[in-house]
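Engineer: The structure under discussion is supplied below as structure tokens; questions concerning it will follow.
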Amino acid sequence: MRVLVTGAFGNVGTSTVEALLEQGHTVRCFDLKTRTNERAARRLKRQYGDRVEVVWGDLRRREDLEAAVRGQDVVIHLAFIIPKLSHTGVESEARPDWAREINVGGTRNLIEAMKAQPRPPRLIFASSYHVFGRTQDQPPPRTASDPVHPIEHYTHHKIECEEMIRASGLEWAILRLSATLPLGLKLDRAMFDVPLDNRMEFAHTRDVGLAFANAVSSEEVWGKLLLIGGGPRCQLYYRDIVGRVLEALGIGMLPDEAFGTVPFPTDWVDTSESQRILRYQQRDFDDYVREMVALMGFRRHLVRLFRPLARWWLLRRSPYYRERRALAAWRGRVAVVTGASSGIGAETARLLARKGLRVVLVARRRERLERLAAEIRDAGGEATVVVADLAAERERVRLFEAVRMTYGGVDVLVNSAGLGWYGFGADMPWPLARQMVRVNIAAVVHLTLLALAEMKERGRGHVVNIGSVAGSLPSQGVALYSGTKAFVDGFTTGLHRELRGTGVYVSVIRSGPVATEFYEAAARREAGLPVPAERLAVRPAAVAERVWSLLKRPRRIAYVPRWLSFVPWVEPSLGWLLDLIGAPLLRRQLELARRTG
């Protein structure tokens, strides 16, 4: 027969094309023209000659599909953007609208092109057992008559395509595939999303290809929905699958903490009918592991040689491992958060309390602190309020005495309290400038030294100073503020390097504008005006998340948002330009601020 295979050079596509050619069919391969696909096409042409035809095209272009389906007896439709390990390199859940154009729109174009033929070919569609949704709470196996519960864009696309095919008027068959791993398996962060106790049915890619090839010649398959899997020998738990793969690669099983806990949409399936009709189950998971190892060749020995490095790299890819280790390490520890009555301080206190730390809320406004403490306690956390004006040295000492009396000491200090002002630096009132130096510099230094004295004695702890990109890029209108943040940068960097290897860390967050009371307060202060950067501000919660990321993975600097990491290079490169335009730009901004403020 003349068979068109869409997605012919993907994982299942390659196995299907080879099985069809081995059975004597003439195959037309349809896929995107990429370097990888062109190499695969040349290999097939060398081996099978004129029995293989390649048509390059795009499912979104109807004319490409009309040329592809012309003169074909059967169409096997495999091309689809999938959630993980996509052949295109782009996952369906990352770009759902684009994926829908290809998955649903492409299937619609294919059906219309087939129906336009004088003798419409038959259609075999590759669906997925993911459409059953999360079924770990139900007794296995899944059957073809079970209800579907799609939970992601990909499975919604599959269901929509199934319904479209059933209503098309074409002769059709739908094969829902179980987990079909490629032989050239890539280990990426997706492997950690599946819980280790999740039921999963494996199907060897060559067996799946054989199922499609046998379906082409079967008269019993049409109008049926069949479940394709490896059978009872391939009904495994994910722990068995990932453990055996990692052991075979020489990496070894990774800690349970690296894997997710949310049930994954896989299960065991009843393949009795599909096996009776298609006779395709010839291999099991042991065969897959042997073939995968053989394909790796000498690279497997390199992996064994660098096993510790490979394990470290994989664990860094897990979105769960570092989080769980951090939760275990920091649960019950004491975090002092200054400036906790609003903005970054309040959001950081909320987040750390959710992570299991006992938080000490520090600010001048008792009422706000008490409200936040009540909110944290209602959510199951622990919070203590200390009202203090950190501009005063005695208040800073009193704060640490209170923490020692209540908890015995501090494990985390977040220096979030700060003072801002916007206007010509030369016009800044001295009392306000003195207050800014006391809060933004003296308080940070004193509190940090008080905390480090305790932390060094215990051999653990972390100080996080909330800085600003203004410290790396002195800005007109915030001259003294920029200077205080530059001091915080230098102070933090020196301490971070001095304390290396002690178990105590000092970090700084260089944030851009943050949507807090900072702007409103700056405008209210004597001779102050609205800060124009407010419209660019990020949420305080984004800064709080970066605080937690530093506790999980200590490092010297973190930027919010991340793309601001280029800022330190601006001053050395473009400082001359800022010298020229700084004053005129500030005058223009201040004039606008006066009119609007």
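Just so you know, we're using my numbering here: the sequence shown kicks off at 101 and counts up by one. Using N, Cα and C, we set each Cβ at its ideal position, and we do this for glycine too.
CB Gly360 to CB Asp293, shorter than 8 Å?
Structural biologist: In contact: Gly360 and Asp293 (Cβ atoms closer than 8 Å).
Engineer: Return the chain-ordered list of same chain residues with a C-beta closer than 6 Å to the C-beta of Phe364, the five sequence neighbours on each side being excluded.
Structural biologist: Within the same chain, Phe364 has close Cβ partners Val294, Asn298.
Engineer: Keeping to the same chain, check which residues put their C-beta closer than 7 Å to that of Arg639; ignore five residues upstream and five downstream.
Structural biologist: Ala615.
Engineer: Relative to the C-alpha of Arg151, which residue among Leu326, Glu193, Leu104 is closest?
Structural biologist: For Arg151, the nearest C-alpha among the options comes from Leu104.
Engineer: State whether the segment 199-210 contacts the segment 170-183, with contact taken as three or more CB pairs (one from each stretch) at a distance under 8 Å.
Structural biologist: The segment 199-210 vs the segment 170-183: in contact.
Engineer: Roughly how many whole angstroms lie between the Cα atoms of Gly628 and Leu580?
Structural biologist: For Gly628, the predicted structure reports a pLDDT of 49, less than 50, and the residue's modelled location is therefore unreliable. The matter cannot be settled from this model.
Engineer: Give the single residue among Arg222, Asp384, Pro684 whose Cα lies nearest to the Cα of Leu319.
Structural biologist: For the sequence presented, residue 319 should be read as Glu rather than Leu. The residue with the shortest Cα to Cα distance from Glu319 is Arg222.
Engineer: Could you check what DSSP says for Leu573 in three-state terms: helix, strand or coil?
Structural biologist: Three-state DSSP puts Leu573 in coil, outside helix and strand.
Engineer: Is Leu573 closer than 8 Å to Glu671 when the C-beta atoms are compared?
Structural biologist: Yes, the pair counts as a contact, with Cβ atoms nearer than the cut-off.
Engineer: Express the C-alpha separation of Leu281 and Thr207 in angstroms, rounding to a whole number.
Structural biologist: For Thr207 and Leu281, the distance between alpha carbons rounds to 24 Å.
Engineer: Mapping DSSP to helix, strand and coil, what is Trp322?
Structural biologist: The answer is coil: DSSP assigns Trp322 none of H, G, I, E or B.
Engineer: Inspect the beta-carbon positions of Gly350 and Val389 and report whether they are closer than 8 Å.
Structural biologist: Against a cut-off of 8 Å, the Cβ pair of Val389 and Gly350 comes out as no contact.
Engineer: Would the beta-carbon of Ala108 fall within 8 Å of that of Glu166?
Structural biologist: In this structure, Glu166 does not lie closer than 8 Å to Ala108 by Cβ.
Engineer: Shortest alpha-carbon distance to Arg431 belongs to which of Leu599, Thr136, Glu482, Arg465?
Structural biologist: The residue with the shortest Cα to Cα distance from Arg431 is Glu482.
Engineer: If we require 3 or more residues per run, which beta strand (DSSP E) segments fall completely within the segment 250-280?
Structural biologist: If we require 3 residues or more, the beta strand (DSSP E) runs fully inside the segment 250-280 come out as 272-277.
Engineer: Cβ of Gly480 versus every heavy atom of the ligand HEM: is any distance shorter than 7 Å?
Structural biologist: No copy of the ligand HEM occurs in the structure displayed, which carries no ligand at all.
Engineer: Mapping DSSP to helix, strand and coil, what is Asp131?
Structural biologist: Asp131 falls in the strand class under three-state DSSP.
Engineer: On the DSSP bridge list, what partners appear for Arg458?
Structural biologist: The partner list for Arg458 (beta bridge, DSSP) reads Val434, Glu482.
Engineer: List, from N- to C-terminal side, the beta strand (DSSP E) runs of 3 residues or more that fit wholly inside the segment 498-557.
Structural biologist: As far as the segment 498-557 is concerned, its whole beta strand (DSSP E) runs of at least 3 residues are 512-515.
Engineer: Considering only the beta carbon of each residue, do Val459 and Ala435 sit closer than 8 Å?
Structural biologist: In contact: Val459 and Ala435 (Cβ atoms closer than 8 Å).
Engineer: At which residues does the beta strand (DSSP E) containing Leu223 begin and terminate?
Structural biologist: First-last of the beta strand (DSSP E) with Leu223: 222-228.
Engineer: Where Ala273 and Val117 are concerned, what is the direct C-alpha to C-alpha distance, given to the nearest angstrom?
Structural biologist: Between Ala273 and Val117, the C-alpha separation is close to 18 Å.
Engineer: For a test of the three-state rule: what should DSSP assign to Met300, helix, strand or coil?
Structural biologist: DSSP places Met300 in strand when its eight states are reduced to three.
Engineer: Considering Cα atoms alone, identify which of Ser227, Tyr420, Leu296, Asp246 is closest to Arg289.
Structural biologist: Nearest of Ser227, Tyr420, Leu296, Asp246 to Arg289, Cα basis: Tyr420.
Engineer: Which residues share a DSSP beta bridge with Val174?
Structural biologist: Answer is Val103, Arg222.
Engineer: Locate the beta strand (DSSP E) running through Tyr337, then write down its first and last residues.
Structural biologist: From DSSP, the beta strand (DSSP E) with Tyr337 extends over 335-337.
Engineer: Going by the beta-carbon positions, is the gap between Leu275 and Phe232 smaller than 8 Å?
Structural biologist: No, Cβ-Cβ distance for Leu275 and Phe232 is not below 8 Å.
Engineer: Out of Ala570, Ala440, Leu595, state which residue places its alpha-carbon closest to the alpha-carbon of Ala488.
Structural biologist: Selected option, being the one with the closest Cα: Ala440.
Engineer: Apart from the five residues just before and just after Leu570, which ones in its own chain have a Cβ nearer than 7 Å to its Cβ?
Structural biologist: As written in the sequence, residue 570 is Ala, which differs from the Leu given in the question. Excluding positions up to five away in sequence, the list reads Val578, Tyr581, Ser582, Lys585.
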